[in-house]
Amino acid sequence: MYAYYQNGSKNLDSAEKELFFSLSKAYDLYNYLLMLMIALTEYAQKRIDTAKAKLAPTKEELYPNMKFVENKFVAQLEVNKQLSEFIANQKRTWANDQDFIKELYEKIIASDIYKEYMASSDKSYEADRELWRKLYKTFVFNNDSLDQVLEDQSLYWNDDKEIVDTFVLKTIKRFEEKQGANQPLLPEFKDDEDQEFARRLFRRAILNADYYRHLISENTKNWDLDRVAFMDVIIMQCALAEILSFPNIPVSVSLNEYVEIAKLYSTVKSGSFINGTLDGIVNQLKKEGKLTKN
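Numbering (the numbering used here), first residue to last: 826 to 1119.
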């Protein structure tokens, strides 16, 4: 929606197509970041193979600790049917970013997380999965080098990465050994209803923009609306569209959701500002009988 206003075309159908294209790109990123864990494991295996092939390898090089490369969680991820299908269809790999893979791997093996894992006698699936949850959160979440790699791949990806990271972590936590290659990944949309929700929310937020901005203006009288961060206005516009258009979604759920979005995409103080403004609007609408849900 931000792009809709920034582009200035005001063509709703084109903007809707752009919305779903950007959502599909975010889903590509989700799969690509899952592939990163496999790429790091493959790189580790290559390092072991290269060391063994030396003319005079050391004892440690001949008989390395294989725990990292034999990680059960990554082995399961590598054969996952949905991820394998994505890889086959997209033809996208980390093969052209080996300098980044090397850099990231060096940071991982120097970490206490890695060293403690390799020294531990715990060889359970749960320990293997937990390793990657910790590594992902520590080394992938905030990584400037990775951000640059992703920006070179797609202009859409940097804006989406923070929220996609949460989906990857959720996926790691959900993996179960008993599921094998059939472990479900998160879908792009839960169902047709979920996709329709995105379409309807987008259209309501734009078509009722004047009314929503009037409500925002009325509840920010100490502010000139032109001085409120444009992203904050857009976020509140979407929040009001959800609150007023979807009776089955509790107000508290919508408020919490958009406060979190503000923390990701806007300024440091946006979360509390948006929460206070939306809370005022909700109370006003309830008093006027225009909002009856809790």
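Backbone N, C-alpha and C fix where the C-beta goes; we use that ideal spot for every residue, glycine too.
Asked	Found
Output needed for residue 889: all residues of its chain with C-beta closer than 6 Å, excluding positions within five of it in sequence on either side, in chain order.	873
Could you compute how far the alpha carbon of residue 1071 sits from the alpha carbon of residue 1059?	18 Å
For residue 970, which option in 993, 902 and 932 has the closest C-alpha, if you only look at C-alpha atoms?	932
Between which two residues does the alpha helix (DSSP H) harbouring residue 957 extend?	950–960
Buried or exposed: residue 861, going by 16 or more other Cβ atoms within 10 Å of its Cβ?	buried
What's the C-alpha gap between residue 901 and residue 1041?	49 Å
For a test of the three-state rule: what should DSSP assign to residue 1015, helix, strand or coil?	coil
Per DSSP, what kind of secondary structure is residue 915 in: helix, strand or coil?	helix
Going by the beta-carbon positions, is the gap between residue 1076 and residue 1115 smaller than 8 Å?	no
State the Cα-Cα distance for the pair residue 995 and residue 1111, rounded to the nearest angstrom.	36 Å
Suppose the cutoff is 7 Å on Cβ atoms and the five residues either side in sequence are ignored; what does the same chain contact list for residue 973 look like?	none
Where does residue 888 sit, in a helix, a strand or coil, going by DSSP?	coil
My output table needs one value for residue 845: the three-state DSSP class, helix, strand or coil.	helix
Is residue 935 helix, strand or coil when you go by DSSP?	coil
How long is the line joining the alpha carbons of residue 978 and residue 1046, rounded to whole angstroms?	43 Å
Quick check for students: name the residue ranges of the alpha helix (DSSP H) that lie wholly in the stretch 1062–1107, counting only runs of 4 or more.	1076–1090
Taking residue 855 as the reference, which of 983, 839, 1035 and 940 has the closest Cα?	983
Got a sec? Which residues, its chain only, sit under 7 Å from residue 1001 by beta carbon, not counting five neighbours each side?	1008
Starting from residue 1010, trace the alpha helix (DSSP H) in both directions and tell me its first and last residue.	Counting along the chain, residue 1010 falls outside any alpha helix (DSSP H), and DSSP gives it neither H nor E.
Is the number of C-beta pairs between the stretch 829–848 and the stretch 1025–1041 that are closer than 8 Å three or more?	yes
What does a CB cutoff of less than 8 Å around residue 904 pick up in its chain, not counting 5 residues either side in sequence?	1005 and 1006
Count the other C-beta atoms from every protein chain shown that fall within 10 angstroms of the C-beta of residue 1061, then say buried if there are 16 or more, exposed otherwise.	buried
Look at the Cβ atom of residue 865, then the Cβ atom of residue 929, and state whether they are nearer than 8 Å.	yes
Just to confirm the assignment, what range does the alpha helix (DSSP H) spanning residue 989 have?	982–999
Going by Cα to Cα distance, which pick from 919, 921, 998 and 936 is closest to residue 955?	998
By DSSP, does residue 921 sit in helix, in strand, or in coil?	helix
Give the range of the alpha helix (DSSP H) segment to which residue 973 is assigned.	969–978
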